[in-house]
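Residue numbers (this note's numbering): 192 to 304. Note that the Cβ used here is the ideal one computed from N, Cα and C, for glycine as well. These figures come from a predicted structure and were not determined experimentally.
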């Protein structure tokens with residue numbers, strides 16, 4: 192393990208940071224410290240969030256779904272009220288799957304089960 196120590200905490204970078212940058216520039220890969228590997232438990236399946244989900248036109252090919260959304264939008268407009276629809280809490284993995292299918296997904300809040 193190659194490590195350099197310097198003053199740090201000042202306005203100048205530490206020797207370790209400088210050498211790390213030089214090493215990465217020369218080798219095109221970052222310094223690797225296996226000691227830091229696997230220190231954290233993966234809890235991504237335990238995190239749920241509410242999301243703002245936008246359905247792009249390109250995905251509105253299902254005519255029944257399209258008509259249902261248009262009818263709902265017309266009712267909302269006739270009521271002259273502002274309405275925002277949020278998803279129920281879903282896993283971050285499910286949000287990623289929706290995003291990969293082309294939906295626009297924005298996390299609003301987050302909680303751990």
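Residue i versus residue j: straight-line alpha-carbon distance, rounded
i	j	result
residue 290	residue 246	10 Å
residue 241	residue 264	21 Å
residue 135	residue 220	Past the boundaries of the shown model lies residue 135; the chain is included only from 192 to 304, so the question cannot be answered.
residue 259	residue 253	10 Å
residue 216	residue 277	45 Å
residue 269	residue 285	33 Å
residue 292	residue 249	11 Å
residue 281	residue 294	14 Å
residue 211	residue 267	57 Å
residue 209	residue 218	14 Å
residue 298	residue 233	19 Å
residue 261	residue 271	15 Å
Simplified DSSP assignment, three categories, for residue i
i	result
residue 239	strand
residue 278	coil
residue 232	coil
residue 252	coil
residue 270	coil
residue 285	helix
residue 257	helix
Presumed contact (8 Å Cβ cut-off) between residue i and residue j, rounded CB distance
i	j	result
residue 235	residue 283	6 Å
residue 244	residue 296	6 Å
Residues that residue i bridges to, as DSSP identifies them
i	result
residue 246	According to DSSP, which records beta bridges pairwise, residue 246 is partnered with nothing at all.
residue 298	242
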